[in-house]
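Chemist: Residue numbers for the sequence shown follow the working numbering, beginning at 782 and rising by one. Idealized CB from N, CA, C, for every residue including glycine.
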Amino acid sequence: MSEQLTLYLHKIQLALAEANAPYKAYQVDLRNKPEWFTSKVNPVGQVPVLTYGGPNVNPDDPSSLSAKIAESNVILEFLADLYPDSGLLPKDPVLRAKVRFFIDATIKHIEGTYLAFVQGNESFDNVLKAIEFIQELLEEGSDFAVGEHYTIADACISPHLARLKIVTETGIGNFPAGMGYKLGEELEGLKFAKFRKYAQRMLGRPGFKQIHDEEAVIGYFKRRFTNRIQ
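(1) For the alpha helix (DSSP H) that contains alanine 861, what are its first and last residues?
(2) For the beta strand (DSSP E) that contains leucine 831, what are its first and last residues?
(3) What is the C-beta distance between asparagine 823 and lysine 792, in whole angstroms, given that I count them as a contact (C-beta under 8 angstroms)?
(4) Alpha carbon to alpha carbon, how far is histidine 941 from leucine 788? Give it in angstroms, no decimals.
(5) Check each candidate in Leu857, Glu950 and Pro815 and name the one with the smallest Cα separation from alanine 800.
(6) Residues in its own chain within less than 6 angstroms of histidine 993 by CB, not counting five upstream and five downstream?
(7) Please name the residue, chosen from Phe883, Ala802 and Glu969, that lies closest to cysteine 937 on a Cα-to-Cα basis.
(8) Taking a contact to mean a Cβ-Cβ separation below 9 angstroms, would you say isoleucine 933 touches leucine 984 in this structure?
(9) Smallest Cα separation from threonine 819: which of Pro803, Gly834, Pro843 and Leu797?
(10) Label glutamine 1020 either buried or exposed according to how many other C-beta atoms from any shown protein chain fall within 10 Å of its C-beta, with 16 as the threshold for buried.
(11) When we look at the beta-carbon of glutamine 785 and count the other beta-carbons within 10 Å, is it buried (16 or more) or exposed?
(12) So the candidates are Tyr962, Thr894 and Ile912; which of them puts its Cα closest to the Cα of serine 904?
(13) Give a yes or no on contact between the segment 803-817 and the segment 947-954, applying the rule of three or more CB pairs nearer than 8 angstroms.
(14) Can you find the residues in the same chain that come closer than 7 angstroms, C-beta to C-beta, to glycine 965, ignoring five residues on each side of it along the sequence?
(15) So, lysine 805 versus asparagine 839, is the Cβ gap smaller than 9 angstroms?
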């Protein structure tokens, strides 16, 4: 499974862990998709996909009676609705709107700008601007992205925070030599203290440690950017 797809999967795993939700997992080889996956689960052939309801069956034998839900951020909201007591989505409509706005900002500013930087298609300065934009959304005095509880906003950004940590500590990426380390130095400054502390809290949560395999991600980065290991 590609690193990009693993990012989307980790969002869902984090929400499931925070909701303490039972589930069965099944990894699909997207280079050799089984017939049942496209015919019974997702005709588009994309992951992650969540099946819900119907009889208790093996993941590779999905029931026609179960609902099939695709797209990682749609699945996040579904899980928040399915487990309302988890707090993954606040009951207050204003806070719910802020959660959705934070997710949208993560997609536009982190998932877009930061990943483009790692691939060598975005400038260093624009990455700092993107991180600064996200930092401005973080509320003073709160441990979380929105409100006083872990939400799907935190689940959405946390996989990116982990990869940002890897890039700044290893310097691996398709950017100009030394820019990964330089980004790390910038983020250690007082200007980004709020963002840095938020990232540390998210990466230190038991649910995150449960699903994140840092060595596996580093290994992928080394294979993907084999000519740019610094």
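Modeler: By the coordinates alone:
(1) As a first step, residue 861 is located in the sequence shown; it is residue number 80 there, counting from the start. Start and end: 853-863.
(2) The count along the sequence shown starts at 1 and reaches residue 831 at position 50. Note, leucine 831: beta strand (DSSP E), 830-833.
(3) For the purposes of this step, residue 823 is taken as residue 42 along the sequence shown, with counting starting at 1. For the purposes of this step, residue 792 is taken as residue 11 along the sequence shown, with counting starting at 1. Wrong, their Cβ atoms sit about 17 angstroms apart, outside the cutoff.
(4) Along the sequence shown, read from residue 1 onward, the residue named residue 788 stands at position 7. Along the sequence shown, read from residue 1 onward, the residue named residue 941 stands at position 160. Near 7 angstroms, if we compare the C-alpha coordinates of histidine 941 and leucine 788.
(5) The residue given as residue 800 occupies position 19 in the sequence shown. It is Leu857.
(6) Looking up residue 993 in the sequence shown gives position 212. Answer for histidine 993: Ala943, listed in chain order.
(7) Stepping through the sequence shown from its first residue, residue 937 is reached at position 156. Ranking Phe883, Ala802 and Glu969 by Cα distance to cysteine 937 puts Phe883 first.
(8) Counting from one through the sequence shown, the residue named residue 933 turns up at place 152. Counting from one through the sequence shown, the residue named residue 984 turns up at place 203. Going by C-beta atoms, isoleucine 933 is not nearer than 9 angstroms to leucine 984.
(9) As a position in the sequence shown, residue 819 is number 38, starting the count at 1. The option with the nearest alpha carbon to threonine 819 is Pro843.
(10) Because the chain spans 782 through 1011 in this model, residue 1020 falls outside it and cannot be assessed.
(11) Position 4 of the sequence shown, counting from 1, holds the residue named residue 785. Only weak support is given to the placement of glutamine 785: the predicted model assigns it a pLDDT of 49, under 50, and the question is left unresolved by the model.
(12) In the sequence shown, residue 904 corresponds to position 123, counting from 1. Of Tyr962, Thr894 and Ile912, the residue nearest in Cα terms is Thr894.
(13) no
(14) Locating residue 965 in the sequence shown gives position 184, where the first residue counts as 1. Excluding residues within five positions, the ones whose Cβ falls inside 7 angstroms are Thr949 and Glu950.
(15) Sequence index remark: in the sequence shown, residue 805 carries index 24 (1-based). Sequence index remark: in the sequence shown, residue 839 carries index 58 (1-based). Their beta carbons are under 9 angstroms apart, which means lysine 805 touches asparagine 839 by this criterion.
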